[in-house]
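Counting along the sequence shown from 1, when you hit position 123 you're at 124 in our numbering, and nothing is skipped either side. Just so you know, even glycine gets a beta-carbon here, dropped at the ideal spot from N, CA and C. Nothing here was measured: the structure is a model prediction, and the numbers come from that model. Please read the structure below before turning to the comments.
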Amino acid sequence: MSEPVPVEEFTRIESIFVRHRNVLAVRGQMTPIYTDYYLHLMQHGLRHPEELDTMLKDLLAGLTLHLVARPWAETIAWTANLRAPRVNFFVTGGSIGENITGRLFTEEIREPDRDLFYSQTTTQGGGEPRTSTLQVDGRDPLHWIEQYYTQSEQRPARLFRLPDETFVLVAAQPDFDEEWFEALTPEIIAALESTEETKLLETRRFRFHCGCDLQKILPILGSWRDRPDELFEGAEAIRVQCPRCAARYTVTRDMM
2 MSEPVPVEEF TRIESIFVRH RNVLAVRGQM TPIYTDYYLH LMQHGLRHPE
52 ELDTMLKDLL AGLTLHLVAR PWAETIAWTA NLRAPRVNFF VTGGSIGENI
102 TGRLFTEEIR EPDRDLFYSQ TTTQGGGEPR TSTLQVDGRD PLHWIEQYYT
152 QSEQRPARLF RLPDETFVLV AAQPDFDEEW FEALTPEIIA ALESTEETKL
202 LETRRFRFHC GCDLQKILPI LGSWRDRPDE LFEGAEAIRV QCPRCAARYT
252 VTRDMM
């Protein structure tokens, strides 16, 4: 039986209702998630350019907050496919597993004719996944998420970066105070609980964790089982990556 994960390794996400403004504020300090993310990169010898690294971290933060704004039983995956630089961002997570993970794809990427953002939501218990696609602009992932809320969630939302790796998602509810919402700034958000009447609705917790291992990766290579020479090309072992988190695994011929 595996050891329980210490609570301090999780990021605590708070869901706060702002009375009279009719908005939901979802807040989290992302340092525990970012720490595990960097430990993951070190473990697997991965390193990203600074700009792309920051953008991926913003998407991890944004999806974590979005998951808490949504029902517990959902697993959500976001992909952003950009033209320049030609890169795919992928993040996914779920509240039941209390996990968030993600990676970059920078090789062998089909160049789109525009920057696209894809969302897929799967609900525990079955049913067809809900998908949506939208064109995004700029290089700020938080802006992409705001665009996603307007088009796919059909309600406005705003995201804010605060000091100390804290992020806040403010999502409009019916009859929200539109003028106040549009005038929000990071300074107003930082002082929210001292200037507004608020109620803590719930807390959830998340960590950066994929859960992949070699036994879960091997089935991905199943179509090569009858063609090992094509797969290994004369080598005794190859390196494969997890499609969710880019963890690297060594696969030998006898494993096939």
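Expected contact under 8 Å - CB spacing of Ile-190 and Phe-161 to nearest Å: Locating residue 190 in the sequence shown gives position 189, where the first residue counts as 1. Locating residue 161 in the sequence shown gives position 160, where the first residue counts as 1. Right, the Cβ-Cβ distance comes to about 5 Å (below 8 Å), so this counts as a contact.
From Tyr-39, Asp-54 and Glu-99, residue whose alpha carbon lies closest to that of Leu-66: Residue mapping note: residue 66 aligns to position 65 of the sequence shown, counting from 1. Nearest option by C-alpha distance: Glu-99.
Residues bridged to Ala-26 (per DSSP): Within the sequence shown, the letter at position 25 stands for residue 26. Answer is Ile-17 and Val-171, bridged to Ala-26.
Residue burial classification, Pro-72 (beta-carbon count within 10 angstroms, cutoff 16): Taking the sequence shown and counting its residues from 1, one reaches residue 72 at position 71. Per the 10 Å Cβ criterion, exposed.
Nearest-angstrom Cα separation, counted from Ala-236 out to Thr-204: In the sequence shown, residue 204 corresponds to position 203, counting from 1. In the sequence shown, residue 236 corresponds to position 235, counting from 1. For Thr-204 and Ala-236, the distance between alpha carbons rounds to 50 Å.
Contact check, Arg-206 vs Phe-18, beta carbons under 8 Å: As a first step, residue 206 is located in the sequence shown; it is residue number 205 there, counting from the start. As a first step, residue 18 is located in the sequence shown; it is residue number 17 there, counting from the start. Contact flag unset, no.
Cα-Cα separation between Arg-140 and Met-56, rounded to whole angstroms: Position 139 of the sequence shown holds residue 140. Position 55 of the sequence shown holds residue 56. Taking the straight line from one Cα to the other gives about 8 Å.
Ile-239 - DSSP class collapsed to helix/strand/coil: Residue numbering aside, residue 239 sits at position 238 when the sequence shown is read from its first letter. Looking at Ile-239 - three-state DSSP - the assignment turns out to be strand.
Environment of Arg-131 [buried if 16+ CB atoms lie within 10 Å]: What you label residue 131 is simply residue 130 of the sequence shown in a count that begins at 1. When all chains shown are included, Arg-131 counts as exposed.
Sequence-distant residues of the same chain with beta carbon closer than 7 Å to Val-8, five excluded per side: Along the sequence shown, read from residue 1 onward, the residue named residue 8 stands at position 7. With a pLDDT of 44 at Val-8, under the threshold of 50, the modelled position of this residue cannot be trusted; read the value that follows with caution. The answer is none, since no qualifying residue turns up.
Among Glu-15, Arg-13 and Val-27, nearest to Ala-173 - alpha-carbon criterion: Position 172 of the sequence shown, counted from the first residue, corresponds to residue 173. Per the Cα distances, Val-27.
Which of helix, strand or coil DSSP assigns to Trp-73: The residue given as residue 73 occupies position 72 in the sequence shown. Trp-73 falls in the coil class under three-state DSSP.
Local Cβ density within 10 Å of Thr-186, reported as buried at 16 or more and exposed below that: To locate residue 186, count along the sequence shown from 1; it is residue 185. The residue in question, Thr-186, is exposed, as its Cβ has fewer than 16 Cβ neighbours within 10 Å.
Rounded Cβ spacing between Gln-121 and Ile-97 (contact assumed at less than 8 Å): Position 120 of the sequence shown, counted from the first residue, corresponds to residue 121. Position 96 of the sequence shown, counted from the first residue, corresponds to residue 97. Between Ile-97 and Gln-121 the Cβ distance is about 16 Å, and since that is not below 8 Å, they are no contact.
Whether Cys-211 touches Thr-80 by CB criterion (8 Å): Numbered from 1 along the sequence shown, position 210 holds the residue referred to as residue 211. Numbered from 1 along the sequence shown, position 79 holds the residue referred to as residue 80. Contact: no.
Whole-Å CB distance - Val-88 paired with Thr-107, under 8 Å assumed: Here residue 88 refers to the residue found at position 87 of the sequence shown. Here residue 107 refers to the residue found at position 106 of the sequence shown. Correct: roughly 5 Å between the Cβ atoms.
Own chain, CB closer than 8 Å to Glu-75, minus 5 neighbours either side, in chain order: The sequence position of residue 75 within the sequence shown is 74, counting from 1. Answer for Glu-75: Leu-68, Gly-95, Ser-96, Thr-122, Thr-123, Thr-124 and Gln-125, listed in chain order.
Cβ-heavy atom distance, Asp-255 to the ligand MN, below 7 Å: In the structure shown, the ligand MN is absent, as is every other ligand, since no ligand is present at all.
Asn-23 versus Pro-175: straight-line alpha-carbon distance, rounded: As a first step, residue 23 must be located in the sequence shown, where it is residue number 22. As a first step, residue 175 must be located in the sequence shown, where it is residue number 174. Counting only the Cα atoms, Pro-175 lies some 7 Å from Asn-23.
Proximal residues to Thr-196 (C-beta, below 8 Å), its chain only, five neighbours per side dropped: For this step, residue 196 is matched to residue 195 along the sequence shown. Ile-189, listed in sequence order.
For Asn-82, the nearest candidate out of Thr-134, Glu-231, Trp-181 and Val-169 (CA to CA): Sequence index remark: in the sequence shown, residue 82 carries index 81 (1-based). The candidate whose alpha carbon is nearest that of Asn-82 is Thr-134.
Cβ pair Arg-84, Glu-112 closer than 8 Å: Within the sequence shown, numbered from 1, the residue matching residue 84 stands at position 83. Within the sequence shown, numbered from 1, the residue matching residue 112 stands at position 111. Yes; because the gap between Cβ atoms is below 8 Å, this pair is in contact.
Beta-carbon spacing of Leu-25, Ala-70 below 8 Å: Against the sequence shown, residue 25 aligns to sequence position 24. Against the sequence shown, residue 70 aligns to sequence position 69. In contact: Leu-25 and Ala-70 (Cβ atoms closer than 8 Å).
Helix, strand or coil at Phe-161 [DSSP, three-state]: Counting from 1 along the sequence shown, the entry for residue 161 is found at position 160. Strand.
Between the CA atoms of Val-137 and Glu-180 - distance to the nearest angstrom: Here residue 180 is taken as the residue at index 179 of the sequence shown, counted from 1. Here residue 137 is taken as the residue at index 136 of the sequence shown, counted from 1. If I take the Cα positions, the gap works out to 25 Å.
Secondary structure of Ala-62, DSSP reduced to three states: Taking the sequence shown and counting its residues from 1, the one referred to as residue 62 is at position 61. Ala-62 carries a helical assignment under DSSP once its states are collapsed to helix, strand and coil.
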